[in-house]
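2 protein chains.
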Amino acid sequence: MSDRPELEPWEVLASEMALDHRWYRVRRDTVRFPSGQVVDDYFISERPEIVLIFAVTPDQRVELVRQYKHGPKAVTLEFPGGIMDPDEDDPLGAAQRELAEESGVEASEWTALGAIWDDPSKQNNRLHLFLAQNARRVKVQELDSSEFVIREQADLKYIPRMIYSGDINNSGAIALATRALQALGLFPI
Amino acid sequence: MSDRPELEPWEVLASEMALDHRWYRVRRDTVRFPSGQVVDDYFISERPEIVLIFAVTPDQRVELVRQYKHGPKAVTLEFPGGIMDPDEDDPLGAAQRELAEESGVEASEWTALGAIWDDPSKQNNRLHLFLAQNARRVKVQELDSSEFVIREQADLKYIPRMIYSGDINNSGAIALATRALQALGLFPI
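These protein sequence lines are chains A and B, in that order. Take 86 as the starting number for the first sequence in the working numbering and just add one per residue. Take 86 as the starting number for the second sequence in the working numbering and just add one per residue.
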């Protein structure tokens, strides 16, 4: 035990899949807390890693995607991104693939902006954040049969107000934009 | 149909609970996409609403919580927050309750910073974001038996670099801090 026992990892006494489908997996753990208490119903969603891309064109436009999302049953405005395939272990390669497929965009300058947790209380995956500069639309979109994505662009200078106004209104997209704007010198560090 | 049929809500043909536990609920929908294609395995996690609070003291310190999170099996540094109880319908009241319980803090100036989606592809809940100013530690923490939370403070001026460095490293916390720093005039809008 450390001198901060409340930060010790929980001991996993048993583990089983409570939901095991290729599109959604939830693990049920029996864990012992630092207090010694044991609970048999701690659930964690096991998810694929995600890549998100803040792509800026030579004339300072940012690529966006507008699409219906079935969680809120609403249309959202976000940045291009998607899940890493099970056989992909390179987040940068996955980001380049997703940007090409979803927005038809290639970029010559890539900067990794770190990997962040999405919801660490309930799931195990990260969002791998990238800034892509000198981005150009070079082809049409290549979408899966379940993807209906309208690609848009916004002036880079309007992104902060789109965050504050709620035009961009989900946590992963705001986190990506914040780190990208910091890397570009448009938000203070 | 609108003139952008790809943004139309999906038609839900059937719906059932694939996992129905008080700590984790997943709904399985049979949906018809705008293309006409029908799939019987679109999963959405039904989750409680979340409140997150950026609490600033009179001497410009920000309340943080450090705790073990079982998703990544790692210790995270985040802002105070928690789930809204089923009988709570007022996000502000829930935020005031969570800040008092988790950090022992009361604040006299509250500003709503909007409600954002957490992961709209896979879940239906929002994060309700608040800025709490003139925040003061007035009592000890009141934690549930499964909560092990170390409360900390950081200088407000260091929050941007803590975001960029990865000291603050999850999407909801970064999104909250961004809107709060914008409301405080420390990030451009």
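Even for Gly, the Cβ is constructed at its ideal location relative to N, Cα and C.
TODO: Step through the CB atoms of chain A and report whether any lies within less than 8 Å of the CB of residue 243 of chain B.
DONE: Not one chain A Cβ lies under 8 Å of residue 243 of chain B.
- [ ] Determine, using beta carbons only, whether residue 74 of chain A and residue 244 of chain B come nearer to each other than 8 Å.
- [x] Any property of residue 74 of chain A remains undetermined from this structure, which presents chain A solely from 86 to 274.
Open item on the list: By DSSP's criteria, residue 167 of chain B is part of a beta bridge. Which residues make up the other side?
Closed with: DSSP lists B/136 as partners of residue 167 of chain B.
Open item on the list: Does the CB of residue 117 of chain A have a neighbour CB from chain B at under 8 Å?
Closed with: It does not: the Cβ of residue 117 of chain A has no partner Cβ on chain B nearer than 8 Å.
Task: chain B residues whose Cβ lies nearer than 8 Å to that of residue 111 of chain A - done: Near residue 111 of chain A (Cβ distances below 8 Å), the residues of chain B are 104, 109 and 111.
Task: Below-8 Å beta-carbon distance, residue 177 of chain A vs any chain B residue - done: It does not: the Cβ of residue 177 of chain A has no partner Cβ on chain B nearer than 8 Å.
Open item on the list: On the criterion of 16 or more Cβ atoms from any shown chain inside 10 Å, does residue 180 of chain B qualify as buried, or is it exposed?
Closed with: Taking all protein chains shown into account, residue 180 of chain B has 16 or more neighbouring C-beta atoms within 10 Å of its C-beta and is therefore buried.
Open item on the list: Using C-beta distances below 7 Å, list every residue in its chain close to residue 252 of chain A, excluding the 5 sequence neighbours before and after it, in chain order.
Closed with: Only 162 meet the Cβ criterion.
- [ ] Report the rounded CA-to-CA distance for residue 217 of chain B versus residue 195 of chain B, giving the unit in angstroms.
- [x] Computed Cα separation, rounded: 5 Å.
TODO: Give, in chain order, every residue of the segment 207-229 of chain A whose Cβ lies closer than 9 Å to some Cβ of chain B.
DONE: Of all residues in the segment 207-229 of chain A, 207, 208, 209, 210, 211 and 212 have a Cβ within less than 9 Å of some Cβ in chain B.
TODO: Specify the secondary structure class of residue 161 of chain B as computed by DSSP and reduced to three states.
DONE: It is a strand residue.
TODO: Answer yes or no: does any C-beta atom of chain B fall closer than 8 Å to that of residue 233 of chain A?
DONE: At a cut-off of 8 Å between beta carbons, residue 233 of chain A contacts chain B.
Task: Same chain, Cβ closer than 7 Å to residue 265 of chain A, neighbours up to 5 away in sequence not counted - done: Result list for residue 265 of chain A: 139, 198 and 216, in chain order.
Task: Near-chain A residues of the segment 253-266 of chain B - C-beta to any C-beta below 7 Å - done: From the segment 253-266 of chain B, only 254, 255, 256, 257, 259, 260, 263 and 264 have a Cβ closer than 7 Å to chain A.
Task: 8 Å Cβ cutoff, residue 91 of chain B in contact with chain A - done: At least one chain A Cβ lies under 8 Å of residue 91 of chain B.
- [ ] Run down chain B in chain order and give the residues with a C-beta less than 8 Å from the C-beta of residue 151 of chain A.
- [x] By Cβ distance, chain B contributes 92.
TODO: Taking the CB atoms as reference points, tell me whether residue 255 of chain B and residue 174 of chain A lie closer together than 8 Å.
DONE: No, the pair does not count as a contact, with Cβ atoms beyond the cut-off.
Task: Backbone CA spacing between residue 125 of chain A and residue 214 of chain B [nearest angstrom] - done: If I take the Cα positions, the gap works out to 32 Å.
Open item on the list: So within the segment 151-230 of chain B, which uninterrupted beta strand (DSSP E) runs reach at least 3 residues, ignoring any that extend past its ends?
Closed with: Counting only runs of 3+ residues, the beta strand (DSSP E) found wholly inside the segment 151-230 of chain B occupies 159-163, 166-168, 190-202 and 211-222, in chain order.
TODO: Kindly indicate which residue of B/239, B/268, B/97 and B/263 has the alpha-carbon position closest to the one of residue 146 of chain B.
DONE: Comparing Cα-Cα distances from residue 146 of chain B to each of B/239, B/268, B/97 and B/263, the minimum goes to B/239.
TODO: Kindly say whether residue 205 of chain B, judged by its beta-carbon, lies nearer than 8 Å to any beta-carbon of chain A.
DONE: For residue 205 of chain B, the answer is yes, since a Cβ of chain A falls inside 8 Å of its Cβ.
TODO: In the DSSP assignment, find the alpha helix (DSSP H) that holds residue 267 of chain B and state where it starts and stops.
DONE: First-last of the alpha helix (DSSP H) with residue 267 of chain B: 256-268.
TODO: May I have the straight-line CA-CA distance separating residue 166 of chain B from residue 205 of chain A, to the nearest angstrom?
DONE: In a straight line, the C-alpha of residue 166 of chain B is about 13 Å away from that of residue 205 of chain A.
- [ ] Could you tell me whether the Cβ atoms of residue 101 of chain B and residue 210 of chain B are closer together than 8 Å?
- [x] Not in contact: residue 101 of chain B and residue 210 of chain B (Cβ atoms no closer than 8 Å).
Open item on the list: Taking the beta carbon of residue 228 of chain B as the centre, do at least 16 other beta carbons fall within 10 Å, making it buried, or is it exposed?
Closed with: An exposed status is given to residue 228 of chain B, since fewer than 16 other beta-carbon atoms sit within 10 Å of its beta-carbon.
TODO: Enumerate in chain order the residues of its own chain whose CB-to-CB distance from residue 95 of chain B is below 7 Å, with the five nearest sequence positions on each side excluded.
DONE: 116, 117 and 118, listed in sequence order.
Open item on the list: For residue 246 of chain A and residue 272 of chain A, what's the separation of their Cα atoms in angstroms?
Closed with: Rounded to the nearest angstrom, the two C-alpha atoms are 12 Å apart.
Open item on the list: Would you say residue 171 of chain A lies against chain B (beta-carbon separation less than 8 Å)?
Closed with: Against chain B, the CB of residue 171 of chain A has no partner CB under 8 Å away; the residue lies outside that interface.
Task: For residue 141 of chain B and residue 151 of chain B, believed in contact at Cβ under 8 Å, the rounded distance - done: The pair is not a contact, with the Cβ atoms about 18 Å apart (cut-off 8 Å).
Task: Chain-order list of residues whose beta-carbon lies under 7 Å from that of residue 86 of chain B (same chain, five-residue window excluded) - done: Note that residue 86 of chain B scores 46 on pLDDT, short of 50, meaning its location in the model is unreliable; the coordinates nonetheless yield the value given after this. The beta carbon of residue 86 of chain B sits closer than 7 Å to the beta carbons of 93 from its chain, once the five residues preceding and following it are set aside; these are given in chain order.
Open item on the list: For residue 246 of chain B, report the span of its alpha helix (DSSP H) as first-last.
Closed with: The continuous alpha helix (DSSP H) containing residue 246 of chain B extends over residues 244-250.
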